[in-house]
Ligand SMILES: Cc1ncc(COP(=O)(O)O)c(C=O)c1O
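Numbering (our numbering), first residue to last: 118 to 560.
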């Protein structure tokens with residue numbers, strides 16, 4: 118769809134709707150409001166300025182499924198198996214099992230692995246809450262390993278110390294669509310004989326040494342939720358090169374699954390619909406082009422922002438040959454901005470029509486995570502004292518610092534022009550020049 122976009126809308130519009138679409142912060146709302154005021158388009162056009170983008174191809178694909186009268190994959194399915202084949206090939210994976218969400222992709226993988234009560238799963242705190250939820254839906258214990266400040270990814274050097282005889286799974290997350298250091302994570306997994314699964318929900322097309330994410334460990338889980346770079350409103354997939362694991366996942370995700378694998382005695386209905394698969398196939402047609410644009414713009418932004426003192430773009434890990442660029446993330450050091458608080462910095466960007474967000478708050482000390490310690494099932498499975506110790510051990514000081522310094526742009530911002538990227542860098546430089554005055558004004 119060639120929607121006319123004015124620059125203000127483009128930079129500010131859906132910029133921070135990503136990463137679980139959970140961060141409709143005050144800043145975001147201001148930006149959307151500013152963008153809406155600035156636009157003279159009709160209401161219909163305004164809706165089109167946001168993510169996702171679609172055209173007649175998507176309409177035709179949906180109508181085709183509608184008119185076929187075959188809306189689900191049971192008894193065969195046309196679109197879901199086709200999408201699985203296309204996506205597996207693109208991600209250089211032997212198998213793809215499409216699911217109803219990224220969360221259910223994780224639940225499918227956990228079901229196939231038999232993760233359950235008493236098992237510990239190692240995860241980073243710098244992630245969307247769904248990573249945690251998938252673990253706790255299985256009554257397993259999430260164990261937080263602190264973040265690497267420069268890359269925003271799990272710090273592989275700290276995983277070893279978190280491993281116990283109960284550790285069943287390492288669950289690195291490719292946050293922002295940029296890959297975690299899988300070579301280092303896999304080395305720890307191998308040394309301790311612990312399975313590695315990638316939460317690649319934000320990271321389709323991201324690569325390490327030329328191999329897309331999802332197959333660096335036993336498998337990987339992808340999300341096609343509405344904010345994602347490839348989306349069908351909701352949706353997900355498990356990728357793997359392991360036939361047995363693929364069959365177990367297939368069996369788990371559909372009642373009465375029949376692929377050649379022994380039953381694990383549990384299962385669910387986590388199937389993707391034919392409508393969603395049709396939409397993914399038509400959206401997929403423009404994914405590569407959009408991704409190349411994001412690649413180029415992200416590289417250009419990094420070149421420009423890297424020269425601004427106090428702005429540190431998230432470093433891509435060694436071996437990263439491509440990021441999925443779901444988010445563009447950097448750290449803001451207020452010492453280089455006359456101590457101007459990050460929130461004031463973001464508000465100034467917002468005034469310039471740039472919708473940036475402060476990103477995640479510390480998950481490991483959130484009310485949601487803390488509540489697990491008093492959950493009656495957890496207290497029964499692990500014991501009250503153990504849950505209190507678990508609560509006390511959920512300290513991730515580097516992540517705390519990162520949550521205070523991080524700034525994000527959403528993936529739609531990276532679909533702008535080079536001039537848009539220049540305007541972002543110029544706006545930051547201008548804020549820096551005025552930082553003393555702004556800091557005094559902000560009190
Ligand atoms: C890192 C991460 N893991 C898991 C999920 C869950 O995916 P979904 O929302 O499709 O269930 C998300 C979704 O935003 C995510 O960002």
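Backbone N, C-alpha and C define an ideal beta-carbon position, used for all residues, glycine too.
For residue i and residue j, which I take to be in contact (beta-carbon distance under 8 Å), what is that distance rounded to the nearest angstrom?
{"i": "residue 257", "j": "residue 232", "result": "5 Å"}
{"i": "residue 298", "j": "residue 434", "result": "4 Å"}
{"i": "residue 528", "j": "residue 411", "result": "6 Å"}
{"i": "residue 534", "j": "residue 445", "result": "That pair is no contact at about 15 Å."}
{"i": "residue 396", "j": "residue 349", "result": "4 Å"}
{"i": "residue 378", "j": "residue 358", "result": "Between residue 358 and residue 378 the Cβ distance is about 15 Å, and since that is not below 8 Å, they are no contact."}
{"i": "residue 247", "j": "residue 219", "result": "6 Å"}
{"i": "residue 467", "j": "residue 559", "result": "Actually they are not in contact, since the Cβ atoms of residue 467 and residue 559 sit about 14 Å apart, beyond 8 Å."}
{"i": "residue 217", "j": "residue 347", "result": "Residue 217 to residue 347, Cβ: 15 Å. No contact."}
{"i": "residue 362", "j": "residue 352", "result": "At roughly 20 Å, the Cβ-Cβ gap does not stay under 8 Å, so residue 362 and residue 352 are not in contact."}
Taking the beta strand (DSSP E) that residue i belongs to, which residues open and close that run?
{"i": "residue 237", "result": "237 to 240"}
{"i": "residue 428", "result": "428 to 430"}
{"i": "residue 286", "result": "284 to 287"}
{"i": "residue 448", "result": "444 to 449"}
{"i": "residue 439", "result": "437 to 439"}
What would DSSP say about residue i, mapped onto helix, strand or coil?
{"i": "residue 493", "result": "helix"}
{"i": "residue 367", "result": "helix"}
{"i": "residue 347", "result": "coil"}
{"i": "residue 151", "result": "For residue 151, the pLDDT reaches just 35, beneath the cut-off of 50, and the residue's location in the model is therefore unreliable, leaving the point undetermined."}
{"i": "residue 520", "result": "helix"}
{"i": "residue 339", "result": "strand"}
{"i": "residue 327", "result": "coil"}
{"i": "residue 316", "result": "strand"}
{"i": "residue 484", "result": "helix"}
{"i": "residue 530", "result": "helix"}
{"i": "residue 422", "result": "helix"}
{"i": "residue 353", "result": "strand"}
{"i": "residue 290", "result": "strand"}
{"i": "residue 477", "result": "coil"}
{"i": "residue 252", "result": "helix"}
{"i": "residue 144", "result": "With a pLDDT of only 30 at residue 144, under the threshold of 50, the placement of this residue in the model should not be trusted; the figure read from the coordinates follows. Helix, per DSSP."}
{"i": "residue 385", "result": "coil"}
{"i": "residue 212", "result": "strand"}
{"i": "residue 271", "result": "strand"}
In the DSSP assignment, find the unbroken alpha helix (DSSP H) run with residue i in it and report its ends.
{"i": "residue 228", "result": "219 to 230"}
{"i": "residue 174", "result": "173 to 185"}
{"i": "residue 540", "result": "535 to 558"}
{"i": "residue 561", "result": "This structure leaves residue 561 out entirely; the chain is present only between 118 and 560."}
{"i": "residue 264", "result": "Run containing residue 264: none; DSSP gives neither H nor E here."}
{"i": "residue 199", "result": "196 to 207"}
{"i": "residue 308", "result": "299 to 309"}
{"i": "residue 463", "result": "459 to 468"}
Return the CA-CA distance between residue i and residue j, expressed in angstroms with no decimal places.
{"i": "residue 557", "j": "residue 284", "result": "50 Å"}
{"i": "residue 366", "j": "residue 228", "result": "7 Å"}
{"i": "residue 401", "j": "residue 320", "result": "14 Å"}
{"i": "residue 398", "j": "residue 442", "result": "20 Å"}
{"i": "residue 333", "j": "residue 429", "result": "28 Å"}
{"i": "residue 374", "j": "residue 386", "result": "10 Å"}
{"i": "residue 382", "j": "residue 354", "result": "22 Å"}
{"i": "residue 491", "j": "residue 504", "result": "8 Å"}
{"i": "residue 252", "j": "residue 506", "result": "18 Å"}
{"i": "residue 416", "j": "residue 338", "result": "26 Å"}
{"i": "residue 145", "j": "residue 449", "result": "Because residue 145 sits at a pLDDT of 33, beneath the cut-off of 50, its placement in the model cannot be relied upon, and the following sentence gives the value as read from the coordinates. When rounded, the distance between both Cα atoms is 18 Å."}
{"i": "residue 546", "j": "residue 425", "result": "7 Å"}
{"i": "residue 552", "j": "residue 427", "result": "12 Å"}
{"i": "residue 494", "j": "residue 484", "result": "18 Å"}
{"i": "residue 464", "j": "residue 270", "result": "26 Å"}
{"i": "residue 480", "j": "residue 244", "result": "8 Å"}
{"i": "residue 536", "j": "residue 311", "result": "47 Å"}
{"i": "residue 181", "j": "residue 223", "result": "30 Å"}
{"i": "residue 515", "j": "residue 408", "result": "30 Å"}
{"i": "residue 431", "j": "residue 268", "result": "5 Å"}
{"i": "residue 414", "j": "residue 325", "result": "20 Å"}
{"i": "residue 208", "j": "residue 437", "result": "15 Å"}
{"i": "residue 541", "j": "residue 469", "result": "9 Å"}
{"i": "residue 164", "j": "residue 172", "result": "Residue placement at residue 164 is flagged as unreliable, the pLDDT there being 41, under the threshold of 50; a coordinate-derived value is accordingly withheld."}
{"i": "residue 302", "j": "residue 198", "result": "32 Å"}
{"i": "residue 259", "j": "residue 286", "result": "10 Å"}
{"i": "residue 451", "j": "residue 304", "result": "37 Å"}
{"i": "residue 108", "j": "residue 177", "result": "There is simply no residue 108 to check, as the chain begins at 118 and stops at 560 in what is shown."}
Does chain D have any CB closer than 9 Å to the CB of residue i?
{"i": "residue 366", "result": "Among the protein chains of the structure shown there is no chain D, as only one such chain exists."}
Review point. If you pair each beta-carbon of the segment 263 to 277 with each one of the segment 497 to 510, do three or more pairs fall below 8 Å?
Key: no
Check your understanding: Just checking, does the segment 312 to 328 make contact with the segment 187 to 199 on the three C-beta pairs under 8 Å criterion?
Key -> Verdict: no, contact absent.
Practice item. Determine contact between the segment 330 to 345 and the segment 274 to 281, defined as no fewer than three beta-carbon pairs at a distance below 8 Å. Key: No, the segment 330 to 345 is not in contact with the segment 274 to 281.
Check your understanding: Touching or not, the segment 466 to 475 and the segment 233 to 248, by the rule of three or more beta carbon pairs under 8 Å?
Key -> no
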